[in-house]
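Beneath this line is the structure, given in structure tokens, with notes to follow.
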């Protein structure tokens, strides 16, 4: 192409700006260390890698584009016109980006090379980011990564590919492993393999430097003695190399690629040529592996190209289905491919033109190849430019013709030229359409027609020809008599997802004039019976007051049933329900609801695999489905939406599936009475039930067995259609379900245990009663003289008592928006903290009720409320005293000893647990509303206690006024406080995230610089983790790097998720707890827009200039900070 306003991955002179999507060599032809043609725009990670790929590159020409942000190029910056650019993660290789351009030429997208797997969290977030950026924009052109715009290339996800490679490695324990990769890319694939096998992977020295730049310091090595798995560059991966290596040591080669590229010398001394897939005999690895099919290129079982080489289908380019999803999402006016040739190349408009706003004709299906030395050689096109004075080149003009039957490679169609088939049945060309209208008929049929008063017979298109889950009167469920391809009525995926489900209704392709219901279009579990002209033989109720008039039609082209309603005033429909039943529903005007008239199969448990694998169906229970003993739902969220198709999974692996079973324990069997046997049993020769059990136990695939009059039967793998029958059902059988030994409790010595438990309980009751009596007597003695009362477990103090205990409130510990805190001591020498509440307008009764509720909230990470005082207008709360004060006093103040990382991590985890208890474990959700370091108190063992919870409700409507008095609280407030929307528990999540940043850095998020301005730490931290920077550089320098890097990364990532602008994107506190406990992995968070501002303008933007923060909780003036090793030397005050 000619040069234009901007160029993407094209490096000829003439453009005003140049954009680099990523650093793969096919995108950098023409780019070198001496580059000087103009500014180069790229991602931050690519900018980091450029000096390594191009030494001595002029770094002043690099312009960093941040992912998730719009960037403006304007005349004021030397650009000829105003151009806006939005950047999205392409998920192809480190630093790869997708670009959205908005300017005088409209809106255009360049995908670059990209892979947006549906299961990839980063891809999902990138997709959401792109949709949000486009809003209502119409995309004029998408320059698409069309590497695999051929439907035969539907290779699997990275996770599947990694599992296949792991399978190969584990099946060759005595072999060296060689994996061929590019110089950049497939890092995540290698990381998954490394983590799963808990090994290092060898890489060549240049690649190791790249890995270190990307932050992968501990996974890769150049020391061959440390690992048997090596990743080598593709150019050194050849058959000759593998054969030579195997003369010294057994070695297996693995090609993770969508296309075979391994090299083999055609003749000794000749140049290498592509190694064809047909050159070697095939070898299967396992039935669930994948390969490219020999006949048509489609993906099939895993392929062994050579006795030493496996090919694992995988690519960092999107496959056909993923490209199709992307185009459907964007819905552009037109498409242009950025790859003009490959062995799988097809012009993208051929398959995807139908998804564009302007459906364009296909110019060429397969790209021609140029001739070189008498051989056909594929042409790789240059990348593209557009904008400015650039005009798309005209098509090559062939000779004029009105109608031809063929078209050559250098001809095109334009104007009134058409291409007509030999028999005149089909014509290709440009045609002007008439005035097409969409009409919704009273029958419910949506038709497209040339005129608004048209009927079905005049329709250009009608919805009745494309049924989903509903069959309306007048509609048809057809069978193509020529192809025998049926039309399906298909259930939704679940109650909220209209996607294709597993249950469908079709007309029997065998011509029996009956309807079938199938599971997954393979397993038939119901039939209507044949049609006799009046009813279906297995639906005899049609004879009785049936409301429909069915009729059957058949000719050489198609067969179908249609129906009408005898009474036109009745509104009715058939629906293929998510329950797997075909249902007849009628509308009741009186109740404004659909009423179930009829359904088949009649019993829910007759639906095939309704409860999924290892699920049990019971007609007498609600819900119908439950997991078998020792199993749990594979996806609880799917089960909540009435989608049980995923079934259940084992909670504990079988002993035979573990490498070191405890104490040599063997699996055991759960006896299940009155069961209907699952499908697909296998007979086994056994003389008695013990031999049958032994046969099952000796086969790790066996999941259950049964022994009855028919002998021994075992079931392997998934159990489908397990049903619990009624107690009176004589057809019930006994099924023995295999479980891990740990699922059973040892019944030995149960009698002794029962006696011990009973004795313990009796003794405990006696002790508890004695303690209660002592406490009551002591409290009665203590308070009877001052007239105080008891309210539940709380003590109602008199104001004068607290005045005396605090020496007239002389020793102030701190203060905040809710009031001031004072230290005190009761007559029994126990130390307390007394908070004098301010701005309380509640009456006596309401205050006591609210305080009583707070008093019932008890958790190890919540400060304990001991009592209260309500004397006239005075309102006070009495808490346990925390000897180590608040977290901010220990974290921010310069002390000789600092909190070590172990304590900090426990503070973060404990705080999350406390807030999770308030949000999810209390009877009513309690939103704290003021989470900050001042409100996290530390006991003698530095266990965190969340303070001041529940007080926002006491203050009530005046809380907004109280917030204005909280100097220093502003940096912890969620955006919704400012926007005025309703406050939820996610506001606490935001505050907690801000506090987590401070736990890592050991300083306030906004810290004054020498000029008195304040820089924002969360921006730096979020950007560092997002770009794969040095995590330990974020750590409090006083810790000198002594911290667990995985824990630090975990805290920074979860903090970045917590401070997302949209509260729906923030985790719950329960999820935060699981992440910090290491139970749940945390994905890479996007940089919130509110923080992104600071990334783009980090030199100029000031957050705020007042960083002071008053103490709203207990703070001792003489508090010391300590390490976990010094905790034992700190003694608590005497009581």
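Numbering (full-length UniProt numbering), first residue to last: 1 to 1135. Quick reminder that beta carbons are idealized off the backbone N, C-alpha and C, glycines included. Quantities reported herein were computed from a predicted structural model and do not represent experimental measurements.
N- and C-terminal bounds of the beta strand (DSSP E) containing residue i
i	result
residue 574	572-576
residue 129	Element bounds for residue 129: not the beta strand (DSSP E) but the alpha helix (DSSP H), 121-134.
residue 335	334-337
residue 595	593-600
residue 308	Looking at the DSSP string, residue 308 is not in any beta strand (DSSP E), and its letter there is neither H nor E.
residue 42	40-43
residue 418	418-420
residue 491	489-492
Identified DSSP bridge partners for residue i
i	result
residue 836	820 and 876
residue 702	716
residue 675	724 and 733
residue 670	737
residue 632	649
residue 626	616
residue 89	97
residue 531	536
residue 470	575
residue 549	564
Closest residue to residue i among the options (Cα-Cα distance)
i	options	result
residue 228	654, 549 and 197	197
residue 558	600, 523, 482 and 1020	482
residue 166	153, 1017, 1033 and 256	256
residue 310	427, 355, 215 and 177	177
residue 669	735, 684, 728 and 593	735
residue 642	650, 822, 612 and 630	612
residue 224	205, 429 and 164	205
residue 992	470, 638, 1073 and 508	1073
residue 814	452, 805, 836 and 24	836
residue 871	704, 864 and 797	797
Per-residue DSSP class, three states only, for residue i
i	result
residue 762	helix
residue 476	coil
residue 946	strand
residue 463	helix
residue 254	strand
residue 563	strand
residue 160	helix
residue 11	coil
residue 351	helix
residue 558	strand
residue 1111	Only weak support exists for where residue 1111 lies, its pLDDT of 39 falling under 50; the coordinates are left without a value.
residue 323	helix
residue 525	strand
residue 924	coil
residue 118	coil
residue 1084	coil
residue 504	strand
residue 916	helix
residue 170	helix
residue 429	strand
Cutoff 7 Å: residue i Cβ touching any chain D Cβ
i	result
residue 219	Reference to chain D is not applicable here, since this structure consists of a single protein chain.
Boundaries (first-last residue) of the alpha helix (DSSP H) holding residue i
i	result
residue 101	No alpha helix (DSSP H) contains residue 101, which is instead part of the beta strand (DSSP E) from 97-103.
residue 246	239-246
residue 195	187-197
residue 233	Run containing residue 233: none in the alpha helix (DSSP H); it sits in the beta strand (DSSP E), 229-233.
residue 181	First-last for residue 181: 176-181, but that is the beta strand (DSSP E), not the alpha helix (DSSP H).
Query raised in the report: Quick check: the segment 887-898 against the segment 926-943, are there 3 or more CB pairs under 8 Å?
Result: Touching, yes, given that three or more Cβ pairs across the two stretches are closer than 8 Å.
Query raised in the report: Counting Cβ pairs, one atom from each stretch, are 3 or more of them under 8 Å apart for the segment 222-242 and the segment 201-213?
Result: yes
Requested in this report: Tell me, please, whether the segment 649-657 touches the segment 672-682 by the rule of three or more beta-carbon pairs shorter than 8 Å.
Outcome: no
**Report entry** Sufficient close CB pairs (3 or more, under 8 Å) joining the segment 586-595 to the segment 618-631
**Finding:** no
Requested in this report: Decide yes or no for the touch test of the segment 206-219 against the segment 181-191: beta carbon pairs closer than 8 Å, at least 3 of them.
Outcome: yes
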